[in-house]
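Just remember that the working numbering sits 48 ahead of the position in the sequence shown, which is counted from 1. The beta-carbon is built from N, C-alpha and C at its ideal position, and this holds for glycine as well. Beneath this line is the structure, given in structure tokens, with notes to follow.
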Amino acid sequence: MRFFIITGRRHIGKTTFLLEIIEDLEDSFTIGGVLTLGDEKKAFVNLQNGTKCNYYNENDSIQERIGNYVISEKAIKFAEQAIATAVNSSIIIIDEFGRLEREKKGLYDATKKLIENIRDKKVTLLMIVQIDVVDQAKDLLNIHPEETWILKKKSNKKTIQDSVKKVLKS
Numbered sequence: 049m050r051f052f053i054i055t056g057r058r059h060i061g062k063t064t065f066l067l068e069i070i071e072d073l074e075d076s077f078t079i080g081g082v083l084t085l086g087d088e089k090k091a092f093v094n095l096q097n098g099t100k101c102n103y104y105n106e107n108d109s110i111q112e113r114i115g116n117y118v119i120s121e122k123a124i125k126f127a128e129q130a131i132a133t134a135v136n137s138s139i140i141i142i143d144e145f146g147r148l149e150r151e152k153k154g155l156y157d158a159t160k161k162l163i164e165n166i167r168d169k170k171v172t173l174l175m176i177v178q179i180d181v182v183d184q185a186k187d188l189l190n191i192h193p194e195e196t197w198i199l200k201k202k203s204n205k206k207t208i209q210d211s212v213k214k215v216l217k218s
């Protein structure tokens with residue numbers, strides 16, 4: 049397994065950055081995993097089949113609360129399934145590992161299990177990790193990235209994107 053991290057402060061555009069990379073790679077690789085659409089959309093996306101699940105719908109049972117977000121049990125199960133079925137993809141994306149996962153909640157168990165299942169496979173794992181959780185994520189998951197890319201407001205995202213794509217294609 050090859051492992052890479054993309055990080056940066058909140059609302060810097062990590063998911064948007066990742067969407068552009070996925071768009072460029074999806075014709076050449078099988079991509080699986082989960083994408084987290086925050087802000088207005090508030091949904092998980094299964095990258096293998098494009099299906100979406102809102103974090104929370106009226107009458108859903110609540111599993112997690114984080115900041116302004118309420119995440120239902122149904123949504124967590126959806127995201128866990130997206131991670132579990134990604135095991136046979138050539139590139140696996142987990143967006144994102146954050147405060148919930150640091151506390152061994154949210155998608156922590158699914159992420160940990162995935163890593164155990166792909167550790168000896170020829171697969172690339174690309175994770176978005178909240179910047180204040182990077183060191184804890186490495187320790188909790190017992191993995192160390194080949195590279196960590198930090199997005200900054202004034203950084204040249206195109207240069208970093210080109211680096212990520214080059215590494216993933218190698």
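Does residue i come out as helix, strand or coil in the three-state DSSP assignment?
i, result
"E164", "helix"
"L67", "helix"
"S109", "coil"
"Y117", "strand"
"D157", "helix"
"V82", "strand"
Evaluate residue i with the Cβ neighbour count: other Cβ atoms within 10 Å of its Cβ, from every protein chain shown; 16 or more gives buried, anything less gives exposed.
i, result
"A132", "exposed"
"K62", "buried"
"E71", "exposed"
"I110", "exposed"
"N136", "exposed"
"N107", "exposed"
Please identify the residue among the options whose C-alpha is closest to the C-alpha of residue i.
i, options, result
"K160", "K205, N136 and A185", "A185"
"T78", "N97, E68, T64 and A91", "N97"
"I54", "S218, E164 and S211", "S211"
"I166", "C101, L189, L148 and K90", "L189"
"K100", "I191, L73, E121 and F126", "F126"
"L162", "I69, P193 and Q129", "Q129"
If you follow the alpha helix (DSSP H) that residue i is part of, which residue opens it and which one closes it?
i, result
"R150", "R147 to R150"
"I60", "Taken as a continuous stretch (DSSP letters only), I60 belongs to no alpha helix (DSSP H), as it is neither H nor E."
Is the beta carbon of residue i sitting closer than 8 Å to the one on residue j?
i, j, result
"E195", "V215", "yes"
"V36", "G154", "Residue 36 lies beyond the stretch modelled for the chain, which goes from 49 to 218, so this question has no answer here."
"L199", "G56", "yes"
"T84", "E144", "yes"
"L148", "I114", "yes"
"V82", "L66", "no"
"F92", "A134", "no"
For residue i, report the span of its beta strand (DSSP E) as first-last.
i, result
"L95", "Counting along the chain, L95 falls outside any beta strand (DSSP E), and DSSP gives it neither H nor E."
"I208", "Looking at the DSSP string, I208 is not in any beta strand (DSSP E); the run it does join, the alpha helix (DSSP H), is K205 to K217."
"V182", "Careful: V182 lies outside any beta strand (DSSP E), inside the alpha helix (DSSP H) at V182 to L189."
"E194", "Where E194 is concerned, there is no enclosing beta strand (DSSP E), given that its DSSP letter is neither H nor E."
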